[in-house]
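Enquirer: One structure follows; several queries about it will come next.
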Amino acid sequence: MLSCPRCQAPIEPTAIQCPRCQLTLKAHGHPGMTLHRTEGDEALCATCLYDTDDTCNFPQRPTATTCTLYRSVKPAEDLALPDPSFGQQINFWLRSHPGLMALGGLLLLSLVLVLVR
Ligand code: SF4
Ligand SMILES: [Zn+2]
């Protein structure tokens with residue numbers, strides 16, 4: 290259960306204000322915001338960009354286990370999809386050039402018709 294950073298009262302994940310001390314919760318609980326959670330024993334801050342560049346002033350730093358502002362220090366290319374295979378590239382090219390494919394089909398058909406005569 291989450292707790293209020295000021296008075297430690299338990300609060301709902303969707304709360305925008307502490308029910309006990311009325312603190313406005315700016316980072317937690319805003320509907321539509323992703324709440325990042327740790328997946329092991331390590332705190333989120335250990336791999337967070339805002340801890341690395343020392344721009345975070347959240348009270349739960351450096352031991353946050355849940356955080357809405359977490360941003361991984363992992364470079365984006367680590368998360369990118371692997372390069373498409375040669376077959377996938379050909380498939381993509383064929384699907385994005387339907388006009389050329391139709392023209393090629395017609396040429397092939399005419400060639401076959403000329404040859405069978
Ligand atoms: S933004 Fe969250 S995860 Fe990142 S350093 Fe601050 S408290 Fe930790
Ligand atoms: Zn409170």
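Read in order, the letters of the sequence shown are residues 290 to 406 in my numbering. Ideal Cβ placement from N, Cα and C applies to all residues, glycine included.
In whole angstroms, what separates the C-alpha of Q378 from that of L389?
Expert: 16 Å
Enquirer: Work out the CA separation of G393 and R406 for me, nearest whole Å.
Expert: 20 Å
Enquirer: Excluding the 5 residues flanking V401 on each side, which residues of the same chain have their C-beta closer than 8 Å to its C-beta?
Expert: none
Enquirer: Give me the Cα-Cα distance between C293 and T323, rounded to the nearest whole angstrom.
Expert: 18 Å
Enquirer: Where does S292 sit, in a helix, a strand or coil, going by DSSP?
Expert: The three-state reading of DSSP puts S292 in strand, counting E and B together.
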